[in-house]
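**Q** Residue numbers (the working numbering), protein chains in the order written: chain Z, -9 to 432; chain X, -9 to 432.
Handing you this structure, nothing more for now.
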């Protein structure tokens, strides 16, 4: 299933006489200086090329022949007693379909036999191992080549990502239904992870954010010890990994299941920004334009609510949007949650408040997958200085904004696959006010 | 609550004129070359001395004055927006009760002011940082000193460990009640972790083992994809961490809730070994003697079942026990699951099959906490060579043992606190045949 990934990578390199790509998979990591084994998670580039979720493998791609050589760990009887059955090489061969299978102890011998002019390595650490064996190494171009391959998902990858989106959606919907006043934030995490565990998805795509009330305005809030109070909102930003592929979804909703009038007005602004940007997605669109569209929708909404003063154009020019929407609109999604390739070589972030944090600045192409996650927050460490800043205070309805300093924030995030003509939404969790209230009423 | 830990440590060192203990806490770790944050877990020695579960702290203990200096990370507005409220130094001071609180940016200045003759560091990495500042460093003795402190638990630590034992016990009992034919092994993991999550115990004390049928004879089995079949046993070895302290419990029981006659006979042998060793626990006893007591109980039981031939004494002398019980009887338990201090300086493992893996070779003292986990397995990679080994085959009932090659294995593990006069069992999960069958019948 990952053979297409390998041929994509080979096609990036010109046909070389006698050169090799060498990529080493991960081993089990330990906690500090102890024997506490961390849960194994394959390194993402190796996973992309091989689909192997086991530790201690390496592989080579021969640029002259296109051959895929796999190196499996050599296990002994002690391993069999402690860690598991010894898998015969033939089983690995049929499971992972390399052109040839070796033991990791054969790496040097295989390289010596092939005697490549150049060995491409993923990074300097792996390069040093190969250099020690006496070969000429390039550690500059392999990572960039794999990165560009990973940006455009194959159909097989989309199958994994649709499942990741489905399981993540089910977990979010379950948490939404479970939410009620009196719970602690971590109890939402317990329910979310419980749904994943049911499907053997124990790996979180990232450290989830479960923030009630004012905690919802801390973008990467991690404490999760506060109580959910009636009358407040709760923000849940969490995702599950399926077969190595990430889901990443955010929903914000009232703890008691019913939006207040103010909550509804503010929520609708963020939802309008979310919907408008998703509707605009198609090949050829620039992500920075999507960011600005979301920002403008948010500023227009705040103006309609009389929370900011002035013309929308001027408010945009003055970067007022970044006071309320201080992070990027979204990021590539794939084997990593903040997936690779957001900036092509030579492209730099736009040096402008808010949009400077945009993790993906590219023209959209079919096969890209990205999150769309506009947010609308009332963050005291941003607003309080702005209230005192002569350049900004004139645009701000300070008395009304002051009332909202404990409001927290809203973020609404879906996972979007760019198609030939538009987009496919991988997320299915209630997000309109009516749908949320209906789901929470059951 | 950890002040007693610091004074214990200070009392290990002679009163030095102008020397300092410097210990650095952990920072958040990232997955390979990505921005994927790993769940934060404090480094165990720093946690022991400070009780701090937050990243980026350091501390000093002044050996001449006994002062405890805490260094908190200096956070800026960006941190406040992204990661959370900025905690005032005064809050840290009342929360963690140091004699003085500084920012981590003050480490150099504080050291320069104190101008210590010697700075003790935990390891060479931390030592290098201090050496760079121009101070004389000792990185040899601090780790050993903290280790000896950690071996004997304080009463506050026992409070944490009793809760860890309680939550771990509840999770095991819940899994036992849930178990039935047709489930997949990972579904037991889901239930186990779900009970922990309910109590905000998301951190597993170690990567749990959930092995059905023959998988129960793979000591560190990790795949967890097989189906639980009626007529087979399932082994669950898992533990939750509470406030940094580990529980570690194993139970083995029939998937369908009812032991067969053979299962019951073999199970009872392991349970007899488990009970006999626990009953023998009191100060002054050597852990290697406990191991041999368990081994002898197992060999006697196998002889009574006619699975091995010969006199028990001879079977012990010939190390036949290690064919069926190839791992150590137990290990220290605490902030780490395989807790520190199992071997005093100069003591080496006994070079004898099975017992060579004993992780704790010490005379028991009040305040020690250790696991007691005898096992009785039929492990093909050990038995098949023994069947052909002239020195061993004569003791083995090869036809009957051959029938058991798919049986798997049994392990029964409790967490035991050595008291002044005997022991306290921190574990409460059904383990007699009648209690298990009764629990699973509900």
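Yeah, the Cβ is synthetic: ideal placement off N, Cα and C, and Gly gets one too.
Name the chain Z residues whose beta carbon is nearer than 8 Å to that of residue 316/X?
**A** Along the second chain, read from residue 1 onward, the residue named residue 316/X stands at position 326. Chain Z residues near residue 316/X: 71.
**Q** Go through its chain and collect everything with a Cβ distance to residue 168/X's Cβ below 6 Å, but skip five positions before and after it.
**A** Here the question's residue 168/X lines up with position 178 in the second chain. If we look at residue 168/X and ignore the five residues flanking it on each side, its Cβ neighbours are 181.
**Q** Any idea which residues DSSP pairs residue 199/Z with across the strands?
**A** Your numbering for residue 199/Z matches position 209 in the first chain. 227/Z.
**Q** By alpha-carbon positions, which one of 333/X, 265/X, 34/X ends up nearest to residue 233/X?
**A** What you label residue 233/X is simply residue 243 of the second chain in a count that begins at 1. Residue 34/X is the option with its Cα nearest to residue 233/X.
**Q** What does the alpha-carbon distance come out to for the pair residue 97/X and residue 272/Z?
**A** Indexing the second chain from 1 puts residue 97/X at position 107. Indexing the first chain from 1 puts residue 272/Z at position 282. Looking at the two C-alpha atoms, the distance is approximately 53 Å.
**Q** Select from 127/X, -5/X, 139/X, 47/X the residue whose C-alpha is nearest the C-alpha of residue 331/X.
**A** To locate residue 331/X, count along the second chain from 1; it is residue 341. For the residues 127/X, -5/X, 139/X, 47/X, the minimum Cα distance to residue 331/X belongs to 139/X.
**Q** Going along chain Z in order, which residues have a C-beta closer than 7 Å to the C-beta of residue 227/X?
**A** Along the second chain, read from residue 1 onward, the residue named residue 227/X stands at position 237. Chain Z residues near residue 227/X: none, gap ~13 Å exceeds 7 Å.
**Q** Below 8 Å on C-beta distance, what does residue -4/X contact in chain Z?
**A** Counting from one through the second chain, the residue named residue -4/X turns up at place 6. The premise fails here: residue -4/X is roughly 20 Å from chain Z at the closest Cβ pair, so nothing lies under 8 Å.
**Q** Going along the chain, which residues of its own chain have a beta-carbon closer than 6 Å to the beta-carbon of residue 292/Z, five neighbours each way excluded?
**A** Position 302 of the first chain, counted from the first residue, corresponds to residue 292/Z. Only 298 meet the Cβ criterion.
**Q** What number of angstroms, rounded off, separates the C-alpha of residue 28/Z from the C-alpha of residue 18/X?
**A** The residue given as residue 28/Z occupies position 38 in the first chain. The residue given as residue 18/X occupies position 28 in the second chain. Near 14 Å, if we compare the C-alpha coordinates of residue 18/X and residue 28/Z.
**Q** Throw me the rounded Cβ distance for the residue 237/X and residue 155/X pair, which I believe falls under 8 Å.
**A** If you number the second chain from 1, residue 237/X lands on position 247. If you number the second chain from 1, residue 155/X lands on position 165. Between residue 155/X and residue 237/X the Cβ distance is about 5 Å, and since that is below 8 Å, they are a contact.
**Q** For residue 314/Z, does the three-state DSSP call read helix, strand or coil?
**A** Residue 314/Z sits at position 324 when you count from the first residue of the first chain. Helix, per DSSP.
**Q** Can you give me the C-alpha to C-alpha distance between residue 209/X and residue 339/Z, rounded to a whole angstrom?
**A** Position 219 of the second chain, counting from 1, holds the residue named residue 209/X. Position 349 of the first chain, counting from 1, holds the residue named residue 339/Z. Those two C-alpha atoms are separated by around 51 Å.
**Q** Run through chain Z and tell me which residues come within less than 8 Å of residue 210/X, C-beta to C-beta.
**A** In the second chain, counting from the first residue as 1, residue 210/X sits at position 220. Ordered by position in chain Z, the residues that pass the 8 Å Cβ test against residue 210/X are 72, 73, 74.
**Q** Put residue 14/X into one of helix, strand or coil per three-state DSSP.
**A** The residue you call residue 14/X lines up with position 24 of the second chain. Of the three classes helix, strand and coil, the one that applies to residue 14/X here is strand, per DSSP.
**Q** Buried or exposed, going by whether 16 or more other CB atoms sit within 10 Å of the CB of residue 433/X?
**A** Nothing can be reported for residue 433/X: it is not among the residues displayed for chain X, which extend from -9 to 432.
**Q** In terms of residue numbering, what span does the alpha helix (DSSP H) encompassing residue 153/X cover?
**A** Taking the first residue of the second chain as 1, we reach residue 153/X at position 163. Residue 153/X -> alpha helix (DSSP H) spans 145 to 168.
**Q** Whole angstroms is fine: what's the gap from residue 43/X's alpha carbon to residue 79/Z's?
**A** Sequence index remark: in the second chain, residue 43/X carries index 53 (1-based). Sequence index remark: in the first chain, residue 79/Z carries index 89 (1-based). Using only the alpha carbons, I get a separation of about 44 Å.
**Q** In whole angstroms, what separates the C-alpha of residue 137/Z from that of residue 324/Z?
**A** Indexing the first chain from 1 puts residue 137/Z at position 147. Indexing the first chain from 1 puts residue 324/Z at position 334. Going by the C-alpha atoms only, they are around 11 Å apart.
**Q** Counting only runs of 4+ residues fully inside the stretch 236 to 295 of chain Z, write out the alpha helix (DSSP H) ranges in chain order.
**A** Taking only runs of at least 4 residues, the alpha helix (DSSP H) segments lying wholly in the stretch 236 to 295 of chain Z are 251 to 269, 277 to 294.
**Q** Between the Cα of residue 177/X and those of 92/Z, 302/Z, 192/Z, 231/Z, spot the shortest distance and give me the residue it belongs to.
**A** The residue you call residue 177/X lines up with position 187 of the second chain. Among 92/Z, 302/Z, 192/Z, 231/Z, the Cα nearest to that of residue 177/X belongs to 192/Z.
**Q** Is the separation between the beta-carbon of residue 302/Z and that of residue 151/Z shorter than 8 Å?
**A** Looking up residue 302/Z in the first chain gives position 312. Looking up residue 151/Z in the first chain gives position 161. Going by C-beta atoms, residue 302/Z is not nearer than 8 Å to residue 151/Z.
**Q** State the DSSP-derived secondary structure class of residue 84/Z, mapped to helix, strand or coil.
**A** For the purposes of this step, residue 84/Z is taken as the residue at position 94 of the first chain. Residue 84/Z falls in the helix class under three-state DSSP.
**Q** Within 10 Å of its beta-carbon, does residue 383/X have 16 or more other beta-carbons around it, so buried, or fewer, so exposed?
**A** Within the second chain, residue 383/X is the residue found at index 393, counting from 1. Around the Cβ of residue 383/X, a 10 Å sphere holds fewer than 16 other Cβ atoms; the residue is exposed.
**Q** Consult DSSP for residue 392/Z and reduce its assignment to one of helix, strand or coil.
**A** Taking the first chain and counting its residues from 1, one reaches residue 392/Z at position 402. Note: residue 392/Z maps to helix in three-state DSSP.
**Q** Please list the residues of the stretch 197 to 208 of chain Z that have a C-beta atom closer than 7 Å to any C-beta atom in chain X, keeping them in chain order.
**A** 197, 208
**Q** Which complete beta strand (DSSP E) runs does the stretch 362 to 406 of chain X hold, if anything under 3 residues is left out?
**A** 365 to 367, 399 to 401
**Q** DSSP state of residue 353/X, grouped into three classes?
**A** Indexing the second chain from 1 puts residue 353/X at position 363. If DSSP states are grouped into helix, strand and coil, residue 353/X belongs with the strands.
**Q** Going by C-alpha to C-alpha distance, which of 219/Z, 16/Z, 90/Z, 376/Z sits closest to residue 202/Z?
**A** Position 212 of the first chain, counted from the first residue, corresponds to residue 202/Z. It is 219/Z whose Cα lies nearest to the Cα of residue 202/Z.
**Q** Let me check one thing: in DSSP terms, what residues is residue 3/X bridge-paired to?
**A** As a position in the second chain, residue 3/X is number 13, starting the count at 1. Answer by DSSP bridge pairing: none, since residue 3/X is not bridged.
**Q** Checking the sheet assignment: what are the DSSP bridge partners for residue 91/Z?
**A** Mapped onto the first chain, residue 91/Z falls at position 101. Residue 91/Z is bridged to 60/Z.
**Q** Under 8 Å between beta-carbons, which chain Z residues line up against residue 328/X? List them in chain order, please.
**A** Your numbering for residue 328/X matches position 338 in the second chain. Simply 24, 25, 26.
**Q** Measure the Cβ-Cβ separation of residue 256/X and residue 320/X and say whether it is below 8 Å.
**A** One-based indexing of the second chain puts residue 256/X at position 266. One-based indexing of the second chain puts residue 320/X at position 330. In this structure, residue 320/X does not lie closer than 8 Å to residue 256/X by Cβ.
**Q** CA-CA distance, residue 205/Z and residue 230/Z?
**A** Numbered from 1 along the first chain, position 215 holds the residue referred to as residue 205/Z. Numbered from 1 along the first chain, position 240 holds the residue referred to as residue 230/Z. Using only the alpha carbons, I get a separation of about 22 Å.
**Q** Taking a cut of 7 Å between CB atoms, which residues from the stretch 377 to 399 of chain Z lie near chain X?
**A** none
**Q** State yes or no: is the beta carbon of residue 67/X nearer than 8 Å to at least one beta carbon in chain Z?
**A** Your numbering for residue 67/X matches position 77 in the second chain. With 8 Å as the cut-off, residue 67/X counts as an interface residue toward chain Z.
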